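What follows is one structure encoded as structure tokens, with my remarks underneath.
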Amino acid sequence: MNINNFFPLTSLTAAEYFNLLPLFTISFGALISLLCGTHKTKGHGLAFSCSFLFLLAALVQTSYALFMTDITLLGGTLVYSPFTKTVSMMIILFTLLGVVLTYGQDLKEGLLSEIYALMLFASAGMILMVSTNHLLFMFIALEIMSLAIYVMVAMRRGSRFSSEAGLKYFILGGLASALFLYGSSLIFGALGSFELSTLHTVLKESTTPSIIFYIGLGFVVAAMLFKVGAFPFHGWLPDVYQGAATNVTGFMGAAVKFTAFIAFAKVVQYLVFIEAILPLRWFQNFIWFSAAASMIYGNFVAISQNEIKRMLSFSTIAHTGYLLLGLYAMNLSEQSSQALVLYLFFYAIANMGAFAVISLFEEKNQKDLHLEQISGLGIKHPLLGTLLTIFLLSMAGIPLTSGFIGKYGLFSTAVMAGEIPLVILAVLTSVVSVFYYLRVIVYLFMKQGTSEMAKYQRLKGASAAAFISALATIQFGLFPKAIIQFIKMIAK
Amino acid sequence: MTNEILIQLLAAFLFTTGFLVVLLRRDTIMILMGIELLLNAANLSIVTFSKASNMIEGQVQVFFIITIAAAESAIGLSILVNLYRNFGSIKTQKATTLKG
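Residue numbers (our numbering), protein chains in the order written: chain A, 35 to 526; chain B, 3 to 102.
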């Protein structure tokens, strides 16, 4: 009698198992930390250490599986290649930083201990989202991520700003998700598949897809532009970034933006960048327009902001514009995709660090840090002032920081691809951006402190996250060769 | 065939209705219902398309989407309760402490 008769269902092979293991670990860790969080007195600490340990384990497992041969699961729905595994490793890193940043902040802001579990659930959704190749599966991953994020945004329960931000994000996010779903349904109706690679081949063969396909594609592109926060769909972003607790803002600005952009790049690469079909030029032009408008709008509105979180959220819109420039250049040359991933990675780290420093100076349920409140802060707390300066310089793209490497790579590949006008616009607007980043530094170090000066809150987690991000920013700014070569090797 | 086109038109009509409800109504409960309507319209469309092309794939995926819609409405309601505690109302025009 064959033993297989007892187990009629197919089981995972060793390779499949190793590739899926990080996902299992993270989901399991989320459940465990949910349980640990119910402890009466030490709930927060236990939940933190549980989620931290499980994320570390997932990081080790991903790096172990990194160079295994490519495999696909569920008939091509999930793709595990070195690229998707590297990207999910980066996501786990951001989640680790986010968890560390939350430690201490949770008690100060009155966040529940469940926030750690929610972060882990969100990161599981993100990993699924970057490794899937299937539109409906991408929708499910997007919702796993977004549902956790909605709750995290609204989690400062006593704060009016937070609940308003949560409501705004929930309504507009739900609308965007539904648009994505209906759009992928229409694409399915027109071309008969949800699989991106299949759709790509079908599109290449039939040069005249029906009008339904274009409507569906328009819905999908609009939903993705909403999720990354690009110009015509950016309205939610400043309010949500300002209203959420600062650690949640840092996590959103890093991990959510990273994931949404990678997924968007995948959709666009398979469905929009096809030379043979002429009407798709309209979509390419729309991405061009969105890139230009995001840069101009984000940078010029950020100038007039006096509150730091709000200013950083407008600068996020501007950075989305630069990233869309890289995406547009991907149409023209392959190298842009590497530059895009590098830029996203560096920007996310600097963003996380900046929000970590801000959270060190905010009181409970505070809406934002006003510029007046930080004047003279750098003289009183030289170390933290220097850290914030490093992050702001990195976002502005000043040499010796990682932001410079990212920006240089992005713009130079776009120039080589032949997209000169947009690069000129990007360089000009990033000169504008230096103004408002430097203004914060001027307030930090060159103004006299007032009586309104923000008080330093002793938070171990946020300080640790800020130090780690600063180290990474300087390290990759001074010695970028290793990571550039690594990304080149991954992307091939 | 005509039946399927009719159902697609119904789905499109439901989707437009949901979209308008989300955009125009000021009552948070109505907006939640609008989001549910949007998801269900998309479900209807997916089921019809996959029936027309004889694929089981889309019909199975719809179950996952129904689950997600339920989770989404639960989260929406909890956010709504929190909003009521802080503002004393569930009208969206009351919640305007943030600019924009």
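Ideal Cβ positions, reconstructed from N, Cα and C, are used throughout, including at glycine.
Quick caveat, the model's predicted, so the values are computed rather than measured.
Query, Result
"8 angstroms Cβ cutoff, asparagine 88 of chain B in contact with chain A", "yes"
"Range of the contiguous alpha helix (DSSP H) that encloses leucine 493 of chain A", "First-last for leucine 493 of chain A: undefined, no H or E at that position."
"Nearest-angstrom beta carbon gap, histidine 404 of chain A and asparagine 340 of chain A [assumed within contact, 8 angstroms]", "6 angstroms"
"Other residues of its chain near leucine 162 of chain A: CB distance less than 6 angstroms, five sequence neighbours each side excluded", "Ala175"
"Pair within 8 angstroms by beta-carbon distance, phenylalanine 88 of chain A and tyrosine 137 of chain A", "no"
"For leucine 206 of chain A, the first and last residue of its enclosing alpha helix (DSSP H)", "194-225"
"DSSP state of glutamate 368 of chain A mapped onto helix, strand, coil", "coil"
"Proximal chain A residues relative to valine 23 of chain B, where beta-carbon distance stays under 7 angstroms", "Under the 7 angstroms cutoff, chain A gives no residues; its nearest Cβ is about 11 angstroms from valine 23 of chain B."
"Contact with chain A by leucine 100 of chain B, beta-carbon distance below 8 angstroms", "yes"
"Residue of B/Ile31, B/Ile70, B/Leu46 minimising C-alpha distance to serine 91 of chain B", "B/Ile31"
"For valine 306 of chain A, the first and last residue of its enclosing beta strand (DSSP E)", "Per DSSP, valine 306 of chain A belongs to no beta strand (DSSP E) and is neither H nor E."
"Secondary structure of glutamate 341 of chain A, DSSP reduced to three states", "strand"
"Whole-number beta carbon distance between glycine 263 of chain A and glycine 132 of chain A, since they are thought to touch under 8 angstroms", "Actually they are not in contact, since the Cβ atoms of glycine 132 of chain A and glycine 263 of chain A sit about 18 angstroms apart, beyond 8 angstroms."
"Cβ pair arginine 194 of chain A, glycine 144 of chain A closer than 8 angstroms", "no"
"Segments assigned alpha helix (DSSP H), at least 4 residues, entirely inside the segment 428-497 of chain A", "436-451, 454-480"
"Beta-carbon proximity list for serine 61 of chain A, same chain, < 7 angstroms, skipping 5 on both sides", "Ala158"
"Residue-level contact to chain A via CB, alanine 72 of chain B, 8 angstroms cutoff", "no"
"Exposure of alanine 188 of chain A, with buried meaning 16 or more beta-carbon neighbours within 10 Å", "buried"
"Chain-order list of residues whose beta-carbon lies under 8 angstroms from that of alanine 326 of chain A (same chain, five-residue window excluded)", "Gly355, Leu456, Leu459"
"Close-in-space but distant-in-sequence residues of the same chain around leucine 220 of chain A (CB under 6 angstroms, 5 per side omitted)", "Ile246, Ile249, Gly250"
"Proximity of tyrosine 470 of chain A and alanine 336 of chain A at Cβ, strictly below 8 angstroms", "yes"
"8 angstroms Cβ cutoff met for glutamine 491 of chain A and leucine 394 of chain A", "yes"
"Start-end ranges of the alpha helix (DSSP H) lying completely within the segment 90-116 of chain A, minimum 4 residues", "none"
"Residue-chain proximity (valine 185 of chain A, chain B), Cβ-Cβ < 8 angstroms", "yes"
"Residues that DSSP places opposite glutamate 59 of chain B in a beta bridge", "The partner list for glutamate 59 of chain B (beta bridge, DSSP) is empty, contrary to what the question assumes."
"CB contact flag (alanine 64 of chain A, phenylalanine 155 of chain A, <8 angstroms)", "yes"
"Boundaries (first-last residue) of the alpha helix (DSSP H) holding glycine 144 of chain A", "Where glycine 144 of chain A is concerned, there is no enclosing alpha helix (DSSP H), given that its DSSP letter is neither H nor E."
"Minimum Cβ-Cβ distance from isoleucine 205 of chain A to chain B less than 8 angstroms", "yes"
"Neighbouring residues, chain A, relative to phenylalanine 15 of chain B (Cβ below 7 angstroms)", "Within 7 angstroms Cβ-Cβ: nothing; phenylalanine 15 of chain B doesn't reach chain A, min ~12 angstroms."
"Selection of the segment 267-281 of chain A by Cβ proximity to chain B, strictly under 7 angstroms", "Gly269, Pro272, Asp273, Gln276, Gly277"
"Cβ-based burial, glutamate 74 of chain B [other Cβ within 10 Å; buried from 16]", "buried"
"Terminal residues of the alpha helix (DSSP H) in which glutamine 519 of chain A lies", "515-525"
"Pair within 8 angstroms by beta-carbon distance, isoleucine 296 of chain A and valine 461 of chain A", "no"
"Pair within 8 angstroms by beta-carbon distance, isoleucine 521 of chain A and glutamine 303 of chain A", "no"
"CB of glycine 217 of chain A within 8 angstroms of CB of valine 185 of chain A, strictly", "no"
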